[in-house]
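Visitor:
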Amino acid sequence: DTEVTQTPKHLVMGMTNKKSLKCEQHMGHRAMYWYKQKAKKPPELMFVYSYEKLSINESVPSRFSPECPNSSLLNLHLHALQPEDSALYLCASSQDGGAAANYGYTFGSGTRLTVV
Amino acid sequence: AQKVTQAQTEISVVEKEDVTLDCVYETRDTTYYLFWYKQPPSGELVFLIRRNSFDEQNEISGRYSWNFQKSTSSFNFTITASQVVDSAVYFCALSARSNTGKLIFGQGTTLQVKP
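Respectively, the protein sequence lines represent chains C and P.
If you read the first sequence in this note's numbering, its first letter stands for residue 5, the second for the next number, and so on.
If you read the second sequence in this note's numbering, its first letter stands for residue 72, the second for the next number, and so on.
1. By Cβ distance below 8 Å, which residues in the same chain neighbour K57(C) in space, the five residues on each side in sequence not counted?
2. Residues of chain P with a CB under 8 Å from the CB of R116(C): which are they?
3. Look at T151(P) and D93(P) and say whether their C-beta atoms are less than 8 Å apart.
4. Quick check: the Cα distance between F68(C) and P186(P), rounded to an integer number of angstroms?
5. Check for me: the beta strand (DSSP E) holding T149(P) runs from which residue to which?
6. Per DSSP, R116(C) is paired with what?
7. When DSSP labels each residue in this structure, what does R168(P) get in the three-state scheme?
8. Give the C-beta separation of L117(C) and S97(C) to the nearest angstrom, bearing in mind that I take them to be a contact with Cβ-Cβ under 8 Å.
9. So what's P73(C) in DSSP terms, helix, strand or just coil?
10. Would you report the Cα separation of T101(P) and F125(P), rounded to the nearest angstrom?
11. Am I right that F106(P) and R121(P) are in contact with their C-beta atoms under 8 Å? What's the rounded C-beta distance?
Next up, the structure:
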């Protein structure tokens, strides 16, 4: 299995809602990432988990809350989002966190989030 | 600081034409990796190639080829005999050892291949 699976593929939520994005991989990778991508822009790193511990938080607002329950699963909990948070949220994994580039990154197909 | 520049925002070609996507990078690290990703309208980032800083050998994979030149800090990507299915956004990215492996993306080049 060489895939990163993200669910749901599309999500529409109100500003007062609480929702979660899910990411799963079964490649034995020990680092997982959340990226945010606005239209016509490159992906921007949000969080990095390495060996199930949060290693990088790119100054992301607290309305985004990541969670890594185990080495195969990564969640992004959303609460009180703003319309400007509407974007494509991409999950990625790599074999190792610190030397991830040695092994490359595998990306999921993303969740298209719309905040209304 | 690391930076990736893709000067071409949009390129439009007619099918069967060859097209080159430019990528220029900046880093002070001696150990780094360069990547190309393809992003079709579906959204998934599709890995195309990874090249480390010690390997300047050019690579060819089918209709795709890559020209890595450290002297000009460039890692250009050429599609030969383009096809409509090549239409996508292409990102060049850099990961340097000193930056804990974070991927730094260029702004992307939108390629449109017309039939």
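We treat Cβ as the ideally placed atom computed from N, Cα and C, and that holds for glycine.
Guide: In brief:
1. On the first sequence, position 53 is the one that residue 57(C) refers to. Contacts found: C72.
2. Translated into the one-based positions of the first sequence, residue 116(C) becomes position 112. G114, listed in chain order.
3. Here residue 151(P) refers to the residue found at position 80 when the second sequence is read from its first residue. Here residue 93(P) refers to the residue found at position 22 when the second sequence is read from its first residue. No, the pair does not count as a contact, with Cβ atoms beyond the cut-off.
4. By 1-based counting over the first sequence, the position of residue 68(C) is 64. By 1-based counting over the second sequence, the position of residue 186(P) is 115. Near 43 Å, if we compare the C-alpha coordinates of P186(P) and F68(C).
5. Counting from one through the second sequence, the residue named residue 149(P) turns up at place 78. For T149(P), the enclosing beta strand (DSSP E) has its first and last residue at S145 to I150.
6. The residue given as residue 116(C) occupies position 112 in the first sequence. H14(C) and L92(C).
7. Here residue 168(P) refers to the residue found at position 97 of the second sequence. Correct three-state label for R168(P): helix.
8. Locating residue 117(C) in the first sequence gives position 113, where the first residue counts as 1. Locating residue 97(C) in the first sequence gives position 93, where the first residue counts as 1. Their Cβ separation, rounded to whole angstroms, is 20 Å, which puts L117(C) and S97(C) out of contact at 8 Å.
9. Position 69 of the first sequence, counted from the first residue, corresponds to residue 73(C). Strand at P73(C).
10. Working through the second sequence from its first residue, we reach residue 101(P) at position 30. Working through the second sequence from its first residue, we reach residue 125(P) at position 54. Approximately 8 Å between the Cα atoms of the pair.
11. By 1-based counting over the second sequence, the position of residue 106(P) is 35. By 1-based counting over the second sequence, the position of residue 121(P) is 50. With 8 Å as the limit, F106(P) and R121(P) qualify as a contact, their Cβ atoms being about 5 Å apart.
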